[in-house]
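Residue numbers (our numbering): 74 to 343. Even for Gly, the Cβ is constructed at its ideal location relative to N, Cα and C. Here the structure is laid out as structure tokens; the discussion comes afterwards.
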DNA sequence: CCGACAACCTGACGGC
DNA sequence: TGCCGTCAGGTTGTCG
């Protein structure tokens, strides 16, 4: 799924459908995704008005006027379908609004999650508690990276995937940002220079903003909530391009660690 | 505390 | 055409 830009795109797509509307009906079609789906979801949300839709890291937050927030995570394969013409397998949650619109949360792999929590306690939810700063927010800067990465032996790529370091990056955008910053993904996180921290912050912001502007990810099973296919034509610099030429002319390399691919250029990333 | 890795689950794709 | 192995955007728990 969905890394931060895809969740941001999703939230922006849900907003005009849900914000200011009441939930006329909400039905869970199975008891669990990654975790159990709250059994009292229908009771607590039916009739409630959606007053805001927000994003934190890779989580979407739907606030209601009853002081509850529905928190969704799309996992690897989750997406919202808008006004579906039929009920599909893996439509695990179906929401109807008082305006006659319907949203279905579809997630074949079920790595996603749904939680219902008091709005005031959202930050205590497992997964949200302990998250690092938003990469597009003011708290994410070179000083934060220095303080967080100093003394760490682990590869910088692993550190950037750690949501406690910075919240919202995943495999694709970490590969892309490291390439843009010309930093090797296998370099020890604690060895980065001040200049590298500065470049990395800028690269992360640039990569995420570009992806958000493009409307989200290019991966094949991602769809925006309005049902249109995701943005397929986006060309990654290195991700998924093993053996192809980097902009410097060298071949893009790939390695696999515990089942996850890393793509980078061994010439321009040091 | 830290780092490495397996596990969770389904679908798409390529090779034979 | 069909079967099988491989791979996929994430998170979490366990082990050393």
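In or out: residue i buried (at least 16 other Cβ within 10 Å) or exposed?
i           : result
residue 262 : buried
residue 329 : exposed
residue 266 : exposed
residue 304 : For residue 304, the predicted model reports a pLDDT of 49, less than 50, meaning its position is unreliable; a value from the coordinates is still stated below. It counts as buried.
residue 276 : buried
residue 154 : buried
residue 159 : exposed
residue 186 : buried
residue 326 : buried
residue 202 : exposed
residue 226 : exposed
For residue i, collect the residues of the same chain with a Cβ closer than 8 Å to its Cβ; drop the 5 residues on either side in sequence, then sort them by chain order.
i           : result
residue 310 : 249, 252, 253, 319 and 320
residue 269 : 254 and 256
residue 343 : 255, 256, 257 and 260
Hey, is residue i close to the ligand GDP, as in C-beta under 8 Å from one of its heavy atoms?
i           : result
residue 243 : For the structure depicted, the ligand GDP is absent and the ligand set is empty, with no information on it obtainable.
Between residue i and the rest of its own chain, which residues show a CB-CB distance below 7 Å, the 5 nearest in sequence each way excluded?
i           : result
residue 280 : 246, 249, 250 and 253
residue 192 : 136, 140, 141 and 142
residue 333 : 244
residue 294 : Summary for residue 294: the model assigns pLDDT 37, below 50, so the residue's position carries little reliability, and this model does not support an answer.
residue 198 : 144, 188 and 190
residue 113 : none
residue 161 : 179
residue 241 : 76, 77, 130, 131, 207 and 208
Which residue or residues does DSSP assign as beta-bridge partners of residue i?
i           : result
residue 337 : 326
residue 318 : 324
residue 137 : 123
residue 109 : 105
residue 132 : 129 and 146
Give the single residue among the options whose Cα lies nearest to the Cα of residue i.
i           : options               : result
residue 90  : 218, 174, 322 and 338 : 174
residue 178 : 101, 96 and 220       : 101
residue 82  : 284, 213 and 117      : 284
residue 85  : 99, 134 and 221       : 134
residue 272 : 213, 108, 205 and 110 : 213
residue 79  : 122, 165 and 146      : 146
residue 88  : 312, 126, 104 and 96  : 126
residue 117 : 315, 264 and 96       : 96
residue 123 : 157, 109, 163 and 172 : 172
Given residue i, which residues of its chain have a CB within under 6 Å of its CB, disregarding the five upstream and five downstream residues?
i           : result
residue 340 : 321 and 323
residue 105 : none
Could I get the ranges of all uninterrupted beta strand (DSSP E) runs contained in the stretch 140–204, with 3 residues as the minimum, in chain order? 141–146, 152–155, 164–170, 175–179 and 186–191
Whole runs of the alpha helix (DSSP H) within the stretch 221–298, excluding any shorter than 4 residues: 229–234, 244–254 and 267–287
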